[in-house]
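Respectively, the protein sequence lines represent chains A and B. Taking the numbering used here, the leading residue of the first sequence gets 4, the next gets one more, and so forth. Taking the numbering used here, the leading residue of the second sequence gets 2, the next gets one more, and so forth. Glycine included, every Cβ here is placed at the ideal spot set by N, Cα and C. Data first, discussion second: the structure below is written as structure tokens.
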Amino acid sequence: MKQRWSGWALLTGALTISATALAADPGAAMLANACAGCHGTHGGSAGLTMPSLAAQSKTAIVEAMKKFRSGERPSSIMGRLAKGYTDQQIDQLGEFFSKQKLHFTHQQVDAAKAKKGAELQEANCSRCHLDDGKDGKDDTPVMASQWLPYLQMQMELYQSGKRKMPEKMAEKVKPLSKEDLDALLHFYASVNK
Amino acid sequence: MTLDRRNFIKLMGGASSLALAGCATQGPAVSAGSAAEIMPKGSARRVVVVGGGYGGTIAAKYIRMMDPSIEVVLVERNDHFVSCPFSNLYIGGILPDLSSLTIKYDKLVANHGIKFVQAEVTAIDPAAHTVVTSKGTLKYDRLVISPGIDFRTEEIEGYNAQTPEIMPHAWKAGPQTVLLRKQLEAMKDGGTVVLTVPLAPFRCPPGPYERTSMIAHYLKQHKPKSKIIVVDANPDIASKGPLFRKGWDMHYKGIIDYRKAAKVTAINAAGKAVLIEGIDEVKGDVVNLIPPQRAANIAVQAGLVGDDKKWCPINADTFESTKQKDIHVIGDASIAGAMPKSGYSANSEAKVCATNIVNLMNGRPVTPLSGINTCYSYITEGEAISVAAVYASKDGQIIAVPNSGGVSPADWSMVKTEATYAKSWLRNILTEMST
Ligand SMILES: Cc1cc2nc3c(=O)[nH]c(=O)nc-3n(C[C@H](O)[C@H](O)[C@H](O)COP(=O)(O)OP(=O)(O)OC[C@H]3O[C@@H](n4cnc5c(N)ncnc54)[C@H](O)[C@@H]3O)c2cc1C
Numbered sequence: 004m005k006q007r008w009s010g011w012a013l014l015t016g017a018l019t020i021s022a023t024a025l026a027a028d029p030g031a032a033m034l035a036n037a038c039a040g041c042h043g044t045h046g047g048s049a050g051l052t053m054p055s056l057a058a059q060s061k062t063a064i065v066e067a068m069k070k071f072r073s074g075e076r077p078s079s080i081m082g083r084l085a086k087g088y089t090d091q092q093i094d095q096l097g098e099f100f101s102k103q104k105l106h107f108t109h110q111q112v113d114a115a116k117a118k119k120g121a122e123l124q125e126a127n128c129s130r131c132h133l134d135d136g137k138d139g140k141d142d143t144p145v146m147a148s149q150w151l152p153y154l155q156m157q158m159e160l161y162q163s164g165k166r167k168m169p170e171k172m173a174e175k176v177k178p179l180s181k182e183d184l185d186a187l188l189h190f191y192a193s194v195n196k
Numbered sequence: 002m003t004l005d006r007r008n009f010i011k012l013m014g015g016a017s018s019l020a021l022a023g024c025a026t027q028g029p030a031v032s033a034g035s036a037a038e039i040m041p042k043g044s045a046r047r048v049v050v051v052g053g054g055y056g057g058t059i060a061a062k063y064i065r066m067m068d069p070s071i072e073v074v075l076v077e078r079n080d081h082f083v084s085c086p087f088s089n090l091y092i093g094g095i096l097p098d099l100s101s102l103t104i105k106y107d108k109l110v111a112n113h114g115i116k117f118v119q120a121e122v123t124a125i126d127p128a129a130h131t132v133v134t135s136k137g138t139l140k141y142d143r144l145v146i147s148p149g150i151d152f153r154t155e156e157i158e159g160y161n162a163q164t165p166e167i168m169p170h171a172w173k174a175g176p177q178t179v180l181l182r183k184q185l186e187a188m189k190d191g192g193t194v195v196l197t198v199p200l201a202p203f204r205c206p207p208g209p210y211e212r213t214s215m216i217a218h219y220l221k222q223h224k225p226k227s228k229i230i231v232v233d234a235n236p237d238i239a240s241k242g243p244l245f246r247k248g249w250d251m252h253y254k255g256i257i258d259y260r261k262a263a264k265v266t267a268i269n270a271a272g273k274a275v276l277i278e279g280i281d282e283v284k285g286d287v288v289n290l291i292p293p294q295r296a297a298n299i300a301v302q303a304g305l306v307g308d309d310k311k312w313c314p315i316n317a318d319t320f321e322s323t324k325q326k327d328i329h330v331i332g333d334a335s336i337a338g339a340m341p342k343s344g345y346s347a348n349s350e351a352k353v354c355a356t357n358i359v360n361l362m363n364g365r366p367v368t369p370l371s372g373i374n375t376c377y378s379y380i381t382e383g384e385a386i387s388v389a390a391v392y393a394s395k396d397g398q399i400i401a402v403p404n405s406g407g408v409s410p411a412d413w414s415m416v417k418t419e420a421t422y423a424k425s426w427l428r429n430i431l432t433e434m435s436t
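Below, the structure is given as structure tokens:
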């Protein structure tokens, strides 16, 4: 009998602890919904210089947030905001957005550039930017359907050295001309199904 | 020119008695509305949302997204909504019209199965869980109100119902915004614009200073001999002060005359004059008088304002009123701790409130608040500054998460980027509200 009682106590004790732990945790959806004012409902952006977060790979989001937080990746407000989240919360954000449906945009691109870009993608980028850039692998972001002005801004940051290019990307980008890169961006922006 | 208070009022002639009459009608009007029940409530649980602005649209949408078994009725007096954010760019002559700031409700309502009632809410009966509207009554299980602000015009002697037609506030976007721009366009070169800022808290802390920048921008381009006098009741610029000052020094030297700790206590609308602390008179060819503010009339009528008689105290996680059960107040009308009265805050608060209404209606524990505010202000057409922060609830209070947030770098390195980001901010937040 005595043993049973102490077992009870232990059990309820454990329950209480996990309940308070939960109570202090806003949870993934609560955290992520606050981002949607700038990044769109469920991370599908309508703003030309704002990336969609929907369907991004979890690692890509977590890494981006941590780099914003440390200042390694340049930003205007993302650094200030990222400082407001713990590692665990950043993980939850990554998890949440990685589970959302890819957000397709319908934007005007240069068809000739997009066509050339499709070939360049196949030959140079497709091993990491899988499935026309629709699928993110590890820390590789989803490129498909991102707004062209956003993609161009990021490419400029890479080219100027303000944003550090991952080595595996630098290798591929080096031989490409400015026109090639622009064509690639037009291609990614055009992928919408 | 210095005048004593009594002479000033005398100069206003009959205006002071008019003002009294004006005050009497300023208070929230309680009207019975039409007594018949519209949309009789069935067995489904129902949330009624009052106000289709920055807060209300999002609360309605997120409740439906999170629990489609809850019926949501959105009540709004207009069939469209005009955004205050970016309305300063229209006043500054940068935007040609208000169309890019205007949203309709049709897609939002269709996409999420929200029931929309275009009507004026004239009263709320918390005990009977009933909203009285100009079209009839509505029953609710829970009520969300996001009605924005109204003005404490009774604190300005001489203010009456006609004053906004002469001295526009343009602090609710729409016809007032258009009127202010028209007055600026009609002003002669060499004229003086007076902009008055009320004591904080008010809707959008950086708003008056962005407005100042945009009016100065307009004057510099079109009426270079003119100037703008800012009469600010606050001890200093209420938000992003050093950044605004830097921008003004760079672009608007000699155009902006900023006067702090100067509270408007009386006006002479006919003479286009404001009186500071009953003594100093400031005259303008155009007067943008932004009166002191409080929660919108309907919040006062429903007994939702606190001891200050201005704003609505709430629970920091659910936004449920501490004055009335089952009524939640979000947006500018609420006292949301560290979260400022901004559109982004209203958006973020709406989601927190929606999450917890769904939790409460399903017998689940409350989820602690996590919120964000991001607010851009333009200095010129191509330069903007920002303030941003992350919020959490702690011991029943909404606090800014320590060591996070802040304003744009002082070295001006981000202003061009932020001017482009601000446009995406607007597109995204208006799309969230309208789809
Ligand atoms: C000049 C200016 C610039 C601004 N710039 C920014 C900015 O850049 N970024 C930012 O984040 N914020 C900005 N703001 C602040 C922002 O506009 C407000 O904080 C935001 O609108 C608050 O949302 P709300 O839902 O509380 O009220 P609102 O958005 O005003 O919505 C209230 C709605 O309720 C309706 N309503 C009220 N009473 C009733 C009733 N009795 N019956 C029926 N309907 C009713 C109204 O018609 C309205 O549609 C700015 C404000 C101003 C004035």
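- Query: Would a C-beta distance cut-off of 8 Å place E419 of chain B and I386 of chain B closer than the cut-off?
  - Reply: Result yes, Cβ atoms of E419 of chain B and I386 of chain B sit closer than 8 Å.
- Query: Do M340 of chain B and N374 of chain B have their C-beta atoms within less than 8 Å of each other?
  - Reply: For M340 of chain B and N374 of chain B, yes; Cβs fall inside 8 Å.
- For S214 of chain B and G248 of chain B, believed in contact at Cβ under 8 Å, the rounded distance: Rounded, the Cβ-Cβ distance is 6 Å, consistent with contact.
- Task: Determine, using beta carbons only, whether S349 of chain B comes closer than 8 Å to chain A.
- Result: It does: the Cβ of S349 of chain B has a partner Cβ on chain A nearer than 8 Å.
- Measure the beta-carbon distance from T445 of chain B to S100 of chain B and round it to whole angstroms, keeping in mind my assumption that it falls under 8 Å. Absent from the model: residue 445 of chain B. The displayed extent of chain B is 2 to 436, so no value can be given.
- Item | Proximity of A274 of chain B and K284 of chain B at Cβ, strictly below 8 Å | Yes, they are a contact pair.
- Where do the ends of the beta strand (DSSP E) carrying D233 of chain B lie? Secondary structure note for D233 of chain B: its beta strand (DSSP E) is the uninterrupted segment K228 to D233.
- Query: Given a limit of 8 Å on CB to CB distance, which residues of the stretch 35–51 of chain A reach chain B?
  - Reply: Answer set for the stretch 35–51 of chain A: N36, A37, C38, A39, G40, C41, H42, G43, T44, S48, A49, G50 and L51.
- With 8 Å set as the bound, which would you pick, yes or no: does the beta-carbon of K86 of chain A sit closer than that to a beta-carbon of chain B? Yes, K86 of chain A lies at the interface with chain B (some Cβ there is under 8 Å from its Cβ).
- Under 9 Å Cβ-Cβ, which residues of chain B neighbour M53 of chain A? Annotation: Cβ neighbours of M53 of chain A in chain B (cutoff 9 Å, chain order): Y422, S425, W426, R428 and N429.
- What distance in whole Å lies between the Cβ atoms of I157 of chain B and P292 of chain B, which are believed to be in contact at a cut-off of 8 Å? Contact flag correct, Cβ pair sits at about 6 Å.
- Message: Please confirm whether M362 of chain B has its beta-carbon closer than 8 Å to some beta-carbon of chain A.
- Response: Among the residues facing chain A, M362 of chain B is not included, as its CB has no counterpart in that chain under 8 Å away.
- Message: My parser needs the alpha helix (DSSP H) runs of 4 or more residues fully inside the stretch 31–56 of chain A; what are they?
- Response: 39–42, all fully within the stretch 31–56 of chain A.
- Message: Following a CB-centred definition, is A1 of chain B positioned closer than 7 Å to any heavy atom of ligand 1?
- Response: A query on residue 1 of chain B cannot be resolved here, the shown segment of chain B reaching from 2 to 436 and no further.
- Validate contact between the stretch 116–133 of chain A and the stretch 389–397 of chain B using beta carbons, cut 8 Å, 3 pairs: With fewer than three CB-CB distances shorter than 8 Å, the stretch 116–133 of chain A does not count as touching the stretch 389–397 of chain B.
- Query: With 16 as the cutoff for other CB atoms within 10 Å, does S32 of chain B come out buried or exposed?
  - Reply: With a pLDDT of only 49 at S32 of chain B, under 50, the local geometry of the prediction cannot be trusted, and the value read off the model is given with reservation. Label assigned to S32 of chain B: exposed.
- Which bits of chain A does T356 of chain B rub up against, with CB to CB less than 8 Å? Within chain A, the residues whose beta carbon sits less than 8 Å from that of T356 of chain B are A32, M33 and N36, listed in sequence order.
- Query: Helix, strand or coil: which one does DSSP assign to E125 of chain A?
  - Reply: Helix.
- Task: Indicate whether at least one CB of chain B lies closer than 8 Å to the CB of R166 of chain A.
- Result: No, R166 of chain A does not count as interfacial toward chain B.
- Message: Quick check on the burial criterion: 16 or more other C-beta atoms within 10 angstroms. Buried or exposed for T323 of chain B?
- Response: It is exposed - the Cβ of T323 of chain B has fewer than 16 other Cβ atoms within 10 Å.
- Query: For I373 of chain B and chain A, any beta-carbon pair shorter than 8 Å?
  - Reply: Chain A contact via Cβ: present.
- For the beta strand (DSSP E) holding F152 of chain B, just list the boundary residues, first then last. Its beta strand (DSSP E) spans residues I150 to F152.
- Query: Can you name the residues of chain A whose CB is closer than 8 Å to the CB of K352 of chain B?
  - Reply: Within 8 Å Cβ-Cβ: M33, N36, A37 and A39.
- Task: Check whether the Cβ of W249 of chain B sits closer than 7 Å to any heavy atom of ligand 1, and report yes or no.
- Result: Result no, Cβ not under 7 Å from ligand 1.
- Got a sec, what are the start and stop residues for the beta strand (DSSP E) A423 of chain B sits in? Careful: A423 of chain B lies outside any beta strand (DSSP E), inside the alpha helix (DSSP H) at V416 to S435.
- Step through the CB atoms of chain A and report whether any lies within less than 8 Å of the CB of Y259 of chain B. It does not: the Cβ of Y259 of chain B has no partner Cβ on chain A nearer than 8 Å.
- Message: Is it buried or exposed, Q294 of chain B, if we count other Cβ atoms within 10 angstroms and call 16 or more buried?
- Response: Q294 of chain B comes out buried.
- State buried or exposed for P169 of chain B, treating a residue as buried only when at least 16 other CB atoms are found within 10 Å of its CB. Buried, because 16 or more other Cβ atoms sit within 10 Å of the Cβ of P169 of chain B.
- Query: Residues in the stretch 139–167 of chain A with C-beta within 9 Å of chain B's C-beta atoms, listed in sequence order?
  - Reply: Here the close residues are W150, P152, Y153 and M156.
- Message: Between W150 of chain A and ligand 1, is there a pair consisting of the residue's CB and a ligand heavy atom that are separated by less than 7 Å?
- Response: Not under cutoff, so the answer is no.
- Across which residues does DSSP place V51 of chain B in a beta bridge pair? B:V76 and B:I146, per the DSSP bridge assignment.
- Message: Rounded to whole angstroms, what is the Cα-Cα separation between D286 of chain B and A162 of chain B?
- Response: In this model, D286 of chain B and A162 of chain B are separated by some 20 Å (Cα to Cα).
- Does DSSP put R365 of chain B in a helix, in a strand, or in coil? Of the three classes helix, strand and coil, the one that applies to R365 of chain B here is coil, per DSSP.
- Message: Any heavy atom of ligand 1 closer than 7 Å to the beta-carbon of K85 of chain B?
- Response: First, the residue type needs correcting, since residue 85 of chain B is Cys and not Lys in the sequence shown. If you check the C-beta of C85 of chain B against ligand 1, you find a heavy atom less than 7 Å away.
- Query: Would E419 of chain B count as contacting chain A if we go by Cβ distances under 8 Å?
  - Reply: With respect to chain A, the C-beta atom of E419 of chain B has a partner C-beta closer than 8 Å.
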